[in-house]
Amino acid sequence: PPPRKLPHRSWAASIPTILTHSALNVLLLPSPTPGLMPGLAGSYLCSPLERFLGSVIMRRHLQRIIQQETLQLINSNEPGVIMFKTDALKCRVALNPKTNQTLQLKVAPETAGQWKQEELQVLEKFFETRVAGPPFKANTLIAFTKLLGAPTHILRDCVHIMKLELFPDQASQLKWNVQFCLTIPPSAPPIAPPGTPAVVLKSKMLFFLQLTQKSAVPQEAMSIIVPIIYDMASGTTQQADIPRQQNSSVAAPMMVSNILKRFAELNSPRPGECTIFAAVRDLMANLTLPPGGRP
3 PPPRKLPHRS WAASIPTILT HSALNVLLLP SPTPGLMPGL AGSYLCSPLE
53 RFLGSVIMRR HLQRIIQQET LQLINSNEPG VIMFKTDALK CRVALNPKTN
103 QTLQLKVAPE TAGQWKQEEL QVLEKFFETR VAGPPFKANT LIAFTKLLGA
153 PTHILRDCVH IMKLELFPDQ ASQLKWNVQF CLTIPPSAPP IAPPGTPAVV
203 LKSKMLFFLQ LTQKSAVPQE AMSIIVPIIY DMASGTTQQA DIPRQQNSSV
253 AAPMMVSNIL KRFAELNSPR PGECTIFAAV RDLMANLTLP PGGRP
């Protein structure tokens, strides 16, 4: 049934709504996220009620995070809408008006012609499907807002990586699929505690990618976590230094490091150019782990 219209009085929410058993069952039964392609919606199924409550909580987290980050909150007269801006983008975040089950980001460039429409759409889709959805972690929002606050040429390279994650079929010639880690995975090298935000942006940028080998048998596909450092002063993209661990293979990190170093030697960055996407794409095209190279 369509949502009921509440009178504009402060006590309107106290008017009870009678639910049938079947309606309550629909609210509490895990189901696919409406309006999202199955491949983009993630693997975590939850109920419509959980999606609504999770989205409302994430919206509240976002408002707090914006005030702590180098982002500028903009006053909005629309109820339930958060508006803010970076140096290059104006952003609007609100519940999906059709379903109230996802948070949507709408982005507009501050300067016309600085961004392609496709790049902005990738950023919006990544937020809705990878950032603001289940399992509803505030630290994913912290990592994402740090990306939003990055200089434009760096953010654009990150958006190109997001596109490879959202649409892996468009890069069939690459040997690996990629995922942006917004929180530190448990299997990551011991650089920071698991679950903490996986993006650090200062004079250098630290972020984590999960590479998964393309395989005819997905259950047997090998995955590795790659910590990457981008040096804004030199423009180079390298693997972050990984502390040595007992009983862990060094084959994969060493091969990753060698490929990124070779790329840096052969491709000197030009002023104002970011090498993140080109270096990561080169890694995804050329990394071949030997048998037993599993991390």
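Just so you know, we're using the numbering used here here: the sequence shown kicks off at 3 and counts up by one.
Every residue, glycine too, gets a C-beta built ideally from N, C-alpha and C.
Q | Residues of its chain near residue 78, where Cβ-Cβ distance is below 6 Å and the 5 sequence neighbours each way are ignored | A | 85
Q) So, is residue 70 buried or exposed, given that buried needs 16 or more other C-beta atoms within 10 angstroms? A) exposed
Q. In chain order, what residues of the same chain have a beta carbon less than 6 Å from the beta carbon of residue 53, not counting five sequence neighbours either side?
A. 103
Q. What residues match up with residue 226 in a beta bridge as DSSP calls it?
A. 213
Q) Looking at the structure shown, is residue 181 part of a helix, part of a strand, or coil, going by DSSP? A) strand
Q. By how many angstroms is the C-alpha of residue 65 removed from the C-alpha of residue 140?
A. 11 Å
Q: Below 8 Å on the Cβ atoms is my guess for residue 211 versus residue 175; work out the distance and round it to an integer in Å.
A: With 8 Å as the limit, residue 211 and residue 175 do not qualify as a contact, their Cβ atoms being about 18 Å apart.
Q) From residue 228 to residue 197, what distance separates their C-alpha atoms? A) 16 Å
Q | Cross-strand partners of residue 290 (DSSP beta bridge) | A | The partner list for residue 290 (beta bridge, DSSP) is empty, contrary to what the question assumes.
Q: Return the chain-ordered ranges of every alpha helix (DSSP H) run that is complete within the stretch 89-132 and spans a minimum of 4 residues.
A: 119-128
(Q) On the criterion of 16 or more Cβ atoms from any shown chain inside 10 Å, does residue 130 qualify as buried, or is it exposed? (A) buried
(Q) Does the structure place the stretch 28-35 close enough to the stretch 46-62 that three or more beta carbon pairs sit under 8 Å? (A) yes
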